[in-house]
Amino acid sequence: MRLLLLLATALKCTYAFRGPALAPLAKPPKLLAPPRAAAVAIEADADAPLPRALLPVTLSVFAQMIGEGIAIATLPLHLTRLGAKPVEVALATSFFSVAQMVCCPLLVRRSGGAGGRGQTLCLCLAGATLGNVGIAMSPSVAAIVVCRFLCGAFAASVPVAQAAATELVAPAQAPAALARVAASSQMAVVVGPSCAALLMSAFAAAGVPQAFRLRAVFLTASVFAAGVLGVLARSFQATAAKAQAIASQDEPALKVEQKQVAPTKPAPGILPGVSAQFALRSIALVVGWSLTLSVYCYGLFAPKFMGYDQPQLSATFSAGALTTIAAQVLFPTLVRRIGPHLTSCFGLLTLSLGMASQSIVRAQPLHSLFYLINRAGAGISDTSTATLVARTSPTADARAKNLALIQSTRAAARIFTPVVSGSLFAASCGFRRFPGGLPFLTNAACALLAVPIPLLLRRAERRADAKAKGSGVEQLY
């Protein structure tokens, strides 16, 4: 029933594709130059409603990530029942991350070509759907590992959607648009395991043998994704011709606007030899590691030292994901009140506080509260990093490229941080004080060390602005 409701929502999104509002997704960024995007929405208020054209973008992210939510929750047990060894289960996860790390920048670069963001979102959803169908039909562990590699190769919907979202709104609305994309991704991760459990119960009641229930779940998710893909593809074809007509009509005005508006300059380095984008990727690495600790390593820590069983662990993970979604709702307000740089600092401080405290405080309910604080800080840090990346990128192509590299950094973190976290956890289990807490305390220290990065970036931007104003005054004389 939920799948039917979601598909009905997807059908409503067709209308959002059939107007010029979605033209940025159907034509290359060269036709949608940053000056025209600013001219269209330069007066937009940060509190104004987001455009309807953003809804299909977030829907494509939700449709792809719900399959990932199902895979994360069910594949380890499914592979084990097929006779997979722990190393083979880990390979399925690692292959996905490796493929995402390598292919994500390539797909995002393609989205800046003639296909546009919308067509690339459709391509990502089609590849993920094909991978999930392959998992449902795979007769062996090796085939499932290959299908997970295929899913990872097309797991670029989030950075493509982030790039599209920043092109659909005014700069003042970019934090809210990016938060909407992040919330869609997190909501899918929450809904995916729940849908898997409900569908498996339904298939059991229908008499489906246990060996085929999870396969049927993946097929059902693929049918939903294919339905969404059909809606997006038809709407994209209708919009592409209209966008081309709009581009040809607006070409003279576009040339005038490009002359009147100066191009954005690249962000200055925060320190000599340290670029802003490199520093922001280091934040993404720390936040990506925190997510590994909050799921993988906490799955080792809580049963051993907190007495959790699987129901308590699943409830904690679901509460953490819901807290991350709530943080995305709060994020635009924080940016309006204190700015994106201080919001990033606040997120890192919150992450550090929650991560360190959950490893030290073992008494309930404080322990669970600090875990939720950690997840909220990670959500704020994640979206604020994307906001600063978009803010410090000079062009639409550079913005898309930098957002893709942030996603690749997170994928790289998922490859090696489980090994690092597991080693630190095993080494600290025998400690007399705070046993098992070493990986959490190490990540908290890294997050604390990253707090000055947004402040240094803000200082560099202010110095560059002051220097530019001084140069302008000198030219007058």
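The sequence shown maps to residues -16 to -1, 1 to 461 in mature numbering (1 follows the signal peptide of the UniProt record, and there is no 0).
Quick reminder that beta carbons are idealized off the backbone N, C-alpha and C, glycines included.
Sorted by chain position, which residues of the same chain lie with C-beta nearer than 8 Å to residue i's C-beta, five sequence neighbours on each side aside?
| i | result |
| --- | --- |
| Val129 | Glu72, Leu75, Ala76, Phe79 |
| Lys451 | none |
| Ala5 | Caution is warranted here: a pLDDT of 45 is assigned to Ala5, below 50, making its placement in the model unreliable, and the coordinate value is therefore given only provisionally. Only Pro35, Arg36, Ala37, Leu152 meet the Cβ criterion. |
| Ile390 | Pro143, Leu264, Arg265, Ala268, Thr369, Ala370, Val373 |
| residue 489 | Here the chain covers residues -16 to 461 and nothing more, so residue 489 does not appear. |
Nearest by alpha-carbon distance to residue i: which of the options is it?
| i | options | result |
| --- | --- | --- |
| residue 477 | Val45, Ser278, Ala360, Arg417 | This structure leaves residue 477 out entirely; the chain is present only between -16 and 461. |
| Phe289 | Val117, Thr58, Pro419 | Pro419 |
| residue 465 | Gly102, Gln48, Val279 | Because the chain here runs from -16 to 461, residue 465 falls outside it and cannot be looked at. |
| Val258 | Gln103, Leu440, Leu43, Asn427 | Leu440 |
| Ala120 | Leu39, Cys106, Cys135, Leu107 | Cys135 |
| Asp381 | Ala395, Ala195, Pro89 | Pro89 |
| His351 | Ala362, Gly338, Gly363, Gly361 | Gly338 |
| Val142 | Gly323, Leu326, Val279, Lys385 | Lys385 |
| Ala32 | Leu61, Ala160, Phe133 | Ala160 |
| Gln170 | Gly102, Arg398, Ala156, Glu52 | Glu52 |
| Ala397 | Gln84, Arg320, Arg36 | Gln84 |
| residue 475 | Val41, Ala37, Met184, Leu107 | Summary: the structure shown does not reach residue 475, with the chain confined to residues -16 through 461, and so no result is reported for it. |
| Pro436 | Ala360, Ala263, Ile309 | Ala263 |
| Thr376 | Leu39, Ala340, Ala268, Gln261 | Gln261 |
| Ser168 | Ile54, Ala286, Ile309 | Ile309 |
| Glu151 | Phe196, Leu34, Gly214 | Leu34 |
| Ala431 | Ala190, Ile54, Asn358 | Asn358 |
| Ala37 | Pro295, Val153, Ala195, Gly361 | Val153 |
| Glu445 | Pro378, Ile390, Arg265, Ala190 | Pro378 |
| Ala428 | Ser407, Phe354, Ala388, Leu314 | Phe354 |
| Gly111 | Arg442, Phe315, Ala137, Thr42 | Ala137 |
| Gly406 | Phe285, Ala340, Pro60 | Phe285 |
| Pro349 | Leu332, Gln296, Ala190 | Gln296 |
| Val117 | Ile54, Phe315, Leu408, Arg93 | Ile54 |
| Gly214 | Gly191, Leu43, Ala172 | Leu43 |
| Ala388 | Leu198, Val92, Ala189, Pro193 | Val92 |
| Arg265 | Ile50, Ser124, Arg199, Pro438 | Pro438 |
| Arg323 | Ala188, Ala126, Gln157, Gly67 | The question names Arg, yet the displayed sequence has Gly at residue 323. Per the Cα distances, Gln157. |
| Ala360 | Arg321, Phe315, Ala347, Arg346 | Phe315 |
| Ala195 | Arg417, Leu59, Arg320, Val174 | Leu59 |
Thinking residue i and residue j are a contact (beta carbons under 8 Å), I'd like their distance in whole angstroms, please.
| i | j | result |
| --- | --- | --- |
| Gln312 | Ala149 | Actually they are not in contact, since the Cβ atoms of Gln312 and Ala149 sit about 13 Å apart, beyond 8 Å. |
| Thr113 | Ala210 | 6 Å |
| Leu109 | Thr371 | About 25 Å; that fails the 8 Å criterion. |
| Ile267 | Ala139 | Not confirmed; about 21 Å, so no contact. |
| Cys106 | Leu216 | 5 Å |
| Gly272 | Thr426 | No, Gly272 and Thr426 are not in contact; Cβ-Cβ is about 14 Å, not under 8 Å. |
| Leu277 | Phe424 | 6 Å |
| Ala374 | Arg383 | 5 Å |
| Val192 | Ala200 | 6 Å |
With respect to the alpha helix (DSSP H) encompassing residue i, which residues constitute its N-terminal and C-terminal limits?
| i | result |
| --- | --- |
| Pro402 | 380 to 412 |
| Leu277 | Careful: Leu277 lies outside any alpha helix (DSSP H) and carries neither H nor E. |
| Leu432 | 422 to 433 |
| Gly191 | Neither: Gly191 is in no alpha helix (DSSP H) and is coded neither H nor E. |
| Leu284 | 282 to 285 |
| Asp293 | Here Asp293 belongs to no alpha helix (DSSP H), and DSSP marks it neither H nor E. |
| Gln78 | Residue identity differs from the one stated: residue 78 is Ser in this sequence, not Gln. It spans 70 to 95 - the alpha helix (DSSP H) in which Ser78 sits, taken as one unbroken run. |
| Gln48 | 38 to 65 |
| Thr104 | 100 to 121 |
| Ala354 | This sequence places Phe at residue 354; Ala is not what is there. Run containing Phe354: 350 to 375, per the alpha helix (DSSP H) assignment. |
| Val153 | Taken as a continuous stretch (DSSP letters only), Val153 belongs to no alpha helix (DSSP H), as it is neither H nor E. |
| Arg132 | 125 to 137 |
Using a Cβ-Cβ cutoff of less than 7 Å, which residues in the same chain neighbour residue i once the five nearest sequence positions on both sides are dropped?
| i | result |
| --- | --- |
| Ser122 | Ile128, Cys131 |
| Leu356 | Ala303, Gly304, Thr307 |
| Gly421 | Ser343, Ile344, Ser412 |
| Arg442 | His325 |
Would you say the beta carbon of residue i is closer than 8 Å to some non-hydrogen atom of the ligand NAD?
| i | result |
| --- | --- |
| Pro33 | For the structure depicted, the ligand NAD is absent and the ligand set is empty, with no information on it obtainable. |
Who are the Cβ neighbours of residue i in its own chain at under 6 Å, not counting the five residues just before and after it?
| i | result |
| --- | --- |
| Ala22 | Since pLDDT at Ala22 reaches only 37, below the 50 mark, its modelled position is unreliable, and the value read off the structure follows with that caveat. No residues qualify anywhere along the chain. |
| Ile26 | Low per-residue confidence applies at Ile26: pLDDT is 39, beneath 50, and the placement is therefore not dependable enough to give any value. |
| Leu203 | Ala120 |
| Val270 | Cys430, Ala431, Ala434 |
| Ala145 | Val41, Val45, Val165 |
| Leu318 | Thr327 |
| Leu(-11) | Any reading at Leu(-11) is ruled out, since the residue's pLDDT is 43, under 50, leaving its predicted position unreliable. |
| Ser81 | Ala395, Arg398, Ile399 |
| Leu332 | Ser365, Ala431, Ala434, Val435 |
Give a yes or no on whether 9 Å exceeds the smallest Cβ distance from residue i to chain B.
| i | result |
| --- | --- |
| Ala110 | Chain labels in this structure do not include chain B; a single protein chain is all it has. |
Using 8 Å as the threshold, is the stretch 322 to 329 in touch with the stretch 360 to 368, meaning 3 or more CB pairs across them? Judged by Cβ distances under 8 Å, the stretch 322 to 329 makes contact with the stretch 360 to 368, as three or more pairs qualify.
For the stretch 272 to 284 against the stretch 388 to 408, are there 3 or more C-beta pairs whose distance is under 8 Å? Touching, per the Cβ criterion.
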